[in-house]
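Quick note on the working numbering: the sequence shown kicks off at 78 and runs consecutively.
Heads up, the beta-carbon is just placed ideally off N, CA and C, and yes, glycines get one too.
Computed from a predicted model, the values in this text were never measured in an experiment.
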Amino acid sequence: MIKLSIICLAYNHGPYIRQALEGFVTQKTNFDFEVLIHDDASTDATADIIREYQQKYPHIIKPIFQTENQWSKKIGICKNFLYPNIKGKYVAFCEGDDYWTDENKLQKQVDFLDTHPDYAICFHPVTVKWEDGSNNHDEIFPKPRYRFYKKTLTLADLLKHNFIQTNSVVYRWCLQDNFDVLPDGIMPGDYFLHLIHAKTGKIGFLPDIMAVYRRHSDSVWFGAGYSDEFFIRNGRAHITFLHEVQKQFNVDKSANIHSTFIKTIAALLKKHDFKSLQMLCEKFPQYIPQISEEMLYLNSNLKYARKLDKYKKICIAVGCIYIIMSLFLIWYVL
Numbered sequence: 078m079i080k081l082s083i084i085c086l087a088y089n090h091g092p093y094i095r096q097a098l099e100g101f102v103t104q105k106t107n108f109d110f111e112v113l114i115h116d117d118a119s120t121d122a123t124a125d126i127i128r129e130y131q132q133k134y135p136h137i138i139k140p141i142f143q144t145e146n147q148w149s150k151k152i153g154i155c156k157n158f159l160y161p162n163i164k165g166k167y168v169a170f171c172e173g174d175d176y177w178t179d180e181n182k183l184q185k186q187v188d189f190l191d192t193h194p195d196y197a198i199c200f201h202p203v204t205v206k207w208e209d210g211s212n213n214h215d216e217i218f219p220k221p222r223y224r225f226y227k228k229t230l231t232l233a234d235l236l237k238h239n240f241i242q243t244n245s246v247v248y249r250w251c252l253q254d255n256f257d258v259l260p261d262g263i264m265p266g267d268y269f270l271h272l273i274h275a276k277t278g279k280i281g282f283l284p285d286i287m288a289v290y291r292r293h294s295d296s297v298w299f300g301a302g303y304s305d306e307f308f309i310r311n312g313r314a315h316i317t318f319l320h321e322v323q324k325q326f327n328v329d330k331s332a333n334i335h336s337t338f339i340k341t342i343a344a345l346l347k348k349h350d351f352k353s354l355q356m357l358c359e360k361f362p363q364y365i366p367q368i369s370e371e372m373l374y375l376n377s378n379l380k381y382a383r384k385l386d387k388y389k390k391i392c393i394a395v396g397c398i399y400i401i402m403s404l405f406l407i408w409y410v411l
């Protein structure tokens, strides 16, 4: 009987995927486990390497191969293709460009959860490896202060910030077939999954460093918080995440939403991506008035105010767009 399921997402991870797969199949456990790995129509050798391991370890490696990229279609890969196939009582995660370094990782974490039934999550520190050489030494995440110097944590701690690296976590899986609690189009989805599970029990920390998280420019989360490209790609999804956390966990994320909204708008304006800007404002009209008031305070003589009547259905959103555009043009001229 499968006791633990490993979830792995892969896309163009040719240089890395073999190391991830080796980390899975070399685990020493007294229980059976499976690897549910999804290849999202990779254009490199990723799928071929997965097939190689599937042939060697057919009882462990259970792949799903796409012929068309699902992520680009905004289709929830985990909810639609992976979670429904989970057989394990416990679930671990590791993306195809990360890897595990301890062959006893799963056994240690499952032993902990087996002997601590009031815990829903077990995690450990990881080595952060900078693939592009931008940092000349590896780091350990999380630092003790980032997890509040605790070995037992709660949902309240996790709502302050995410101290759990995804490839370190093992959940006492609580979703079963109830995937509707996971909203679509959010980023980071793993953080939301941590929060959902933390509602059901405590969070346990093991001190052993048992995995490596790679930082590289092809990562979806690369440039988070500062890169225009990040906000262009992921700004709306991150605002959606913050909005859902605020709604489902009754915490105030208005400052984070406001900051992300401004940075996303600025990035989209620089790229002249007015279609995405309009979509953002239409999706979250409730956050426009505050931003509009700030812009009006900064610039009372708007060049584009007369055009508002052309867009009655989204007048608030377009008002915000033109306000920011005018400021951008003034800044550009000066």
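Taking the beta carbon of residue i as the centre, do at least 16 other beta carbons fall within 10 Å, making it buried, or is it exposed?
{"i": "Cys182", "result": "Going by the sequence as given, residue 182 is Lys instead of Cys. Answer is buried; the Cβ neighbour count reaches 16."}
{"i": "Gly312", "result": "buried"}
{"i": "Met264", "result": "buried"}
{"i": "Pro284", "result": "exposed"}
{"i": "Phe170", "result": "buried"}
{"i": "Gln104", "result": "buried"}
{"i": "Val258", "result": "exposed"}
{"i": "Pro161", "result": "exposed"}
{"i": "His315", "result": "buried"}
{"i": "His214", "result": "exposed"}
{"i": "Pro202", "result": "buried"}
{"i": "Asp267", "result": "buried"}
{"i": "Gln253", "result": "exposed"}
{"i": "Ser82", "result": "buried"}
{"i": "Ile365", "result": "buried"}
{"i": "Tyr226", "result": "exposed"}
{"i": "Phe256", "result": "exposed"}
{"i": "Arg291", "result": "buried"}
{"i": "Trp144", "result": "Per the sequence shown, the amino acid found at residue 144 is Thr instead of Trp. Label assigned to Thr144: exposed."}
{"i": "Gln363", "result": "exposed"}
{"i": "Gln242", "result": "buried"}
Looking only at its own chain, which residues have a Cβ that is under 6 Å from the Cβ of residue i, when we skip the five neighbours before and after it?
{"i": "Thr106", "result": "Leu183, Gln184"}
{"i": "Gln186", "result": "Cys199, Val247"}
{"i": "Asp386", "result": "With a pLDDT of 43 at Asp386, under the threshold of 50, the predicted position of this residue should be treated as unreliable, though the coordinate-derived value follows. Closer than 6 Å at Cβ, skipping near neighbours: no residue."}
{"i": "Phe158", "result": "His115, Ile141"}
{"i": "His349", "result": "none"}
{"i": "Tyr134", "result": "Val102"}
Could you pull out every residue in the same chain whose Cβ sits closer than 8 Å to the Cβ of residue i, ignoring the five residues on either side in sequence?
{"i": "Ile127", "result": "Ala87, Ile94, Leu98, Ile114, Asp116, Ile138, Pro140, Phe142"}
{"i": "Glu321", "result": "Pro260, Ile263, Phe269"}
{"i": "Ile79", "result": "Asp109, Phe110, Glu111, Lys164, Gly165"}
{"i": "Asp195", "result": "Gly278, Lys279"}
{"i": "Trp148", "result": "Tyr88, Asp117, Ile154"}
{"i": "Ser333", "result": "Here residue 333 turns out to be Asn, not Ser, going by the sequence shown. Within the same chain, Asn333 has close Cβ partners Leu319."}
{"i": "Arg224", "result": "Leu230, Asp234, Phe240, Phe282"}
{"i": "Leu190", "result": "Tyr167, Tyr196, Cys199, Val247, Arg249, Gly281"}
{"i": "Ile217", "result": "Pro202, Val203, Thr204, Val205, Ile286"}
{"i": "Leu354", "result": "Ile342, Leu345, Leu346, Ile398"}
{"i": "Asp329", "result": "Gln323"}
From the DSSP output, which residues share a beta bridge with residue i?
{"i": "Asp116", "result": "Ala87, Phe142"}
{"i": "Phe269", "result": "Phe269 pairs with nothing; no bridge assigned."}
{"i": "Ser82", "result": "Glu111, Val168"}
{"i": "Trp148", "result": "Looking at the DSSP assignment, Trp148 forms no beta bridge with any residue, so it has no partner."}
{"i": "Tyr176", "result": "Val289"}
Assuming residue i and residue j make a contact with CB atoms under 8 Å, what is their CB distance in whole Å?
{"i": "Lys352", "j": "Phe308", "result": "That pair is no contact at about 16 Å."}
{"i": "Asp175", "j": "Asn244", "result": "4 Å"}
{"i": "Phe282", "j": "Lys228", "result": "5 Å"}
{"i": "Phe200", "j": "Val246", "result": "5 Å"}
{"i": "Cys85", "j": "Gly153", "result": "With 8 Å as the limit, Cys85 and Gly153 do not qualify as a contact, their Cβ atoms being about 16 Å apart."}
{"i": "Thr204", "j": "Val289", "result": "5 Å"}
{"i": "His274", "j": "Ala344", "result": "His274 to Ala344, Cβ: 32 Å. No contact."}
{"i": "Lys347", "j": "Asp305", "result": "6 Å"}
{"i": "Trp177", "j": "Gly91", "result": "Actually they do not touch by this definition, with Cβ atoms about 19 Å apart."}
Among residues of its own chain, excluding the 5 on either side of residue i, which ones have a beta-carbon nearer than 7 Å to its beta-carbon?
{"i": "Thr120", "result": "Asn89"}
{"i": "His193", "result": "Gly281"}
{"i": "Phe326", "result": "Leu236, Leu272"}
{"i": "Phe318", "result": "Ile263, Met264, Pro265, Phe269"}
{"i": "Ser331", "result": "none"}
{"i": "Asp179", "result": "Asp285, Met287"}
{"i": "Lys276", "result": "Leu232"}
{"i": "Lys156", "result": "Phe256, Leu259"}
{"i": "Lys151", "result": "Gly262"}
Is residue i close to the ligand ATP? I mean its beta-carbon at under 7 Å from any heavy atom of the ligand.
{"i": "Thr144", "result": "Absence of the ligand ATP is noted for the structure shown, with no ligands found whatsoever."}
Any alpha helix (DSSP H) of 4 or more consecutive residues that is wholly inside the segment 289 to 368 = 305 to 326, 331 to 348, 351 to 360
Mind listing, in chain order, the continuous beta strand (DSSP E) runs of no fewer than 3 residues lying wholly within the segment 197 to 231?
-> 203 to 207, 216 to 218
Please specify which runs of the alpha helix (DSSP H), each continuous and at least 4 residues long, are wholly inside the segment 234 to 283, giving them in chain order.
-> 266 to 275
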